[in-house]
Amino acid sequence: MRSYLVKLAMVAVLVTLAGSAFAGSSPLNATAEDGILVFESDDSAFKWWFDARVYLDVASYMDDGGLYDMDSDDIGDYADFTDMGNSLTGGFILRRARLALKSQLWHDWYGEVDMDFAEEAAAIKDAYISYKGIFGSTGHVRVGNFRQPNGLEEVTTSRNLMFMERSQGTEPFVVGRRMGIEIAKWDPKYRAAFSIFGADVEDFVKEANEQINFAARVNYVPISCDGSTLLIGASGTMQKPTFVGEANEAGERSVSKVKFNSRPESNVSDTKFVYAGIKDVEKYSVFGGELAYVNKRLMFQGEYMATAIDRYEGKESISYNGGYAFVSFFLTDDTHKYDYKDAEFARVNPSAKGGAWEVALRYSTVNLNDEDAGEQNGGSNSITFGVNYYPNPNVRLMLNYGHVDNDEFATGKDDQFMGDYDFDYVQMRFMTAF
1 MRSYLVKLAM VAVLVTLAGS AFAGSSPLNA TAEDGILVFE SDDSAFKWWF DARVYLDVAS
61 YMDDGGLYDM DSDDIGDYAD FTDMGNSLTG GFILRRARLA LKSQLWHDWY GEVDMDFAEE
121 AAAIKDAYIS YKGIFGSTGH VRVGNFRQPN GLEEVTTSRN LMFMERSQGT EPFVVGRRMG
181 IEIAKWDPKY RAAFSIFGAD VEDFVKEANE QINFAARVNY VPISCDGSTL LIGASGTMQK
241 PTFVGEANEA GERSVSKVKF NSRPESNVSD TKFVYAGIKD VEKYSVFGGE LAYVNKRLMF
301 QGEYMATAID RYEGKESISY NGGYAFVSFF LTDDTHKYDY KDAEFARVNP SAKGGAWEVA
361 LRYSTVNLND EDAGEQNGGS NSITFGVNYY PNPNVRLMLN YGHVDNDEFA TGKDDQFMGD
421 YDFDYVQMRF MTAF
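For the sequence shown, this note's numbering puts the final residue at 434, and the numbers step up evenly by one.
Listed below in structure tokens is the structure:
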């Protein structure tokens with residue numbers, strides 16, 4: 001399965017880049033759609049456009065020290081304690097630098113290649129082909145590397161997120177981008193998607209077998225009129241450790257570990273206090289519910305996710321959970337429009353030349369503790385206040401102020417940090433997408 005999907009991803013690249021060869025007799029007209037440069041044929045059979053994004057983040061952290069355990073043997077693995085201090089360190093980072101080429105070919109075929117160049121490294125994000133001619137052109141089949149159908153905030157592009165980072169309450173449980181095949185069906189009232197997937201395109205273990213996993217997401221819109229939208233949804237996954245080696249005579253498997261972790265909704269420090277590495281995992285499932293409501297300027301959105309982990313050798317099953325809820329309000333006469341084809345909320349297009357202003361408040365919680373199973377890997381609660389300014393559809397300025405309350409077990413991987421470490425942060429993002 002692995003080699004087959006990789007080949008299909010490469011075909012996506014070739015189809016996207018070489019599509020013009022098939023449309024050689026069709027002149028292309030250059031237009032701007034919400035600030036995006038688009039080349040399109042007169043009959044709309046062929047269409048090409050670029051998606052470029054640059055996110056610049058700056059953050060400062062406020063605490064009372066006590067980040068690292070001075071007696072920990074693990075500190076030497078990172079740096080000398082006196083050199084790195086005992087608090088979170090802020091600064092300026094290039095959070096994302098994306099360049100994607102997207103194409104519509106012969107009306108119903110679509111190809112996309114998306115590369116990220118942040119952190120001085122190039123990485124493939126999306127690379128897939130899709131066919132949109134099924135179900136009377138109200139559905140698609142796509143193959144390649146893409147975000148699996150799993151949760152509202154996770155499938156929402158980073159361009160349209162309410163806050164600078166996705167919630168710590170659902171981050172440990174979502175699938176993200178994987179190599180796979182998906183079939184989806186939609187209309188203005190509902191959307192359903194189902195996928196079969198393996199590993200991310202950049203992950204591979206030669207000595208182990210790649211497992212086949214499943215994900216599904218279903219959404220229903222009972223209200224969609226007069227500036228109001230109510231979205232109800234559910235998603236679930238059934239997974240095994242992505243790569244599992246054959247058991248030896250002692251019953252030990254070369255790879256059967258699953259990790260769950262989450263950042264405290266700030267990426268500048270790149271710190272993960274909540275971390276669980278579970279060994280001897282046979283299979284696990286994740287189920288989640290989602291709810292969103294927009295009434296003109298007002299928006300509410302929330303999700304809850306829980307996982308159940310089954311282990312080998314009769315070991316106790318493990319359960320974790322988390323979620324978030326936020327409310328936002330436009331100070332200007334603007335709103336969040338719903339895109340029923342993707343079951344997510346689209347880009348904000350300011351209604352006035354002065355741009356759009358929005359304030360938001362989010363609460364999130366994650367719990368990777370299961371006392372009955374003897375697993376105490378940390379829990380965290382976070383409150384974030386945000387201000388968003390949209391001067392136009394292509395530029396966005398974001399300000400987030402957050403307070404993070406970690407429990408005594410939130411010590412990171414290999415007990416790197418002190419438990420019960422609480423802190424505040426203020427961060428800004430300068431973002432352009434064109």
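Even glycine gets a Cβ: it sits at the ideal position worked out from N, Cα and C. Source: prediction; values computed, not measured.
Scanning the stretch 221 to 299 from its first residue to its last, the whole beta strand (DSSP E) runs of 3-plus residues come out as 228 to 239, 258 to 262, 274 to 278, 281 to 295. Under a 10 Å Cβ-count criterion, N321 is classified as buried, with 16 or more other Cβ atoms of the shown protein chains found around its own Cβ. Burial state of Y425 is buried, judged by a 10 Å Cβ sphere holding 16 or more other Cβ atoms. Around the CB of D407, 16 or more other CB atoms lie within 10 Å, so the residue is classed as buried. Contact between L331 and W357 is confirmed by a C-beta separation of about 4 Å, below the 8 Å threshold. Contact between K189 and V221 holds: CB atoms are separated by about 5 Å, below the 8 Å threshold.
Counting C-beta atoms within 10 angstroms of its own C-beta, Y401 has fewer than 16 neighbours from the protein chains shown and is therefore classed as exposed. Between the beta-carbon of V155 and that of I181 there is about 16 Å, and that puts the pair past the 8 Å contact cut.
Relative to T237, the option among G198, R96, S266 whose CA is nearest is G198. Within the same chain, W49 come within 6 Å of I36 by CB-CB distance, once the 5 residues on both sides are set aside. For L94, the enclosing beta strand (DSSP E) begins and ends at 91 to 105. Under the rule that a run must span 3 or more residues, the beta strand (DSSP E) segments found entirely inside the stretch 137 to 177 read 139 to 147.
DSSP lists D424 as the bridge partner or partners of M62. A residue is called buried once 16 or more other Cβ atoms fall within 10 Å of its Cβ, and I129 is buried on that count. Here A32 is exposed. Its C-beta has fewer than 16 other C-beta atoms within 10 Å.
Sequence-distant partners of T89 (beyond 5 residues in either direction) whose C-beta falls short of 8 Å from its own C-beta, in its chain, are Y61, S269. Put simply, of S262, A346, E165 the residue whose alpha carbon is nearest the alpha carbon of G386 is E165. The alpha-carbon of L361 is positioned some 38 Å away from that of Q104.
One thing to note: R191 has its Cβ no nearer than 9 Å to the Cβ of N150.
C-alpha of Q239 to C-alpha of F423: approximately 35 Å in a straight line. If you check the CB distance, M299 and M162 come in under 9 Å. Using a 10 angstroms sphere on the CB of A352, the tally of other CB atoms stays under 16, which defines it as exposed. By the CB criterion at 9 Å, V274 and G412 fall inside the cutoff.
In the DSSP assignment, T365 falls within the unbroken beta strand (DSSP E) covering 356 to 370. Of all alpha-carbon atoms in H336, V54, A52, the one lying nearest the alpha-carbon of G227 is that of H336.
A residue is called buried when at least 16 other Cβ atoms come within 10 angstroms of its Cβ; I318 meets this threshold and is buried. Going by DSSP, F39 is part of the beta strand (DSSP E) stretching over 36 to 41.
Just so you know, the alpha carbons of E112 and M179 end up roughly 14 Å apart.
Secondary structure note for I318: its beta strand (DSSP E) is the uninterrupted segment 318 to 330. Within the same chain, and ignoring the five residues on either side of Y131 in sequence, the residues whose Cβ sits closer than 7 Å to its Cβ are D108, W109, H140, V141.
The alpha carbon of M418 has as its nearest neighbour, out of G65, F287, Y389, D57, the alpha carbon of G65.
Put simply, the backbone Cα of L231 is about 20 Å away from that of R147.
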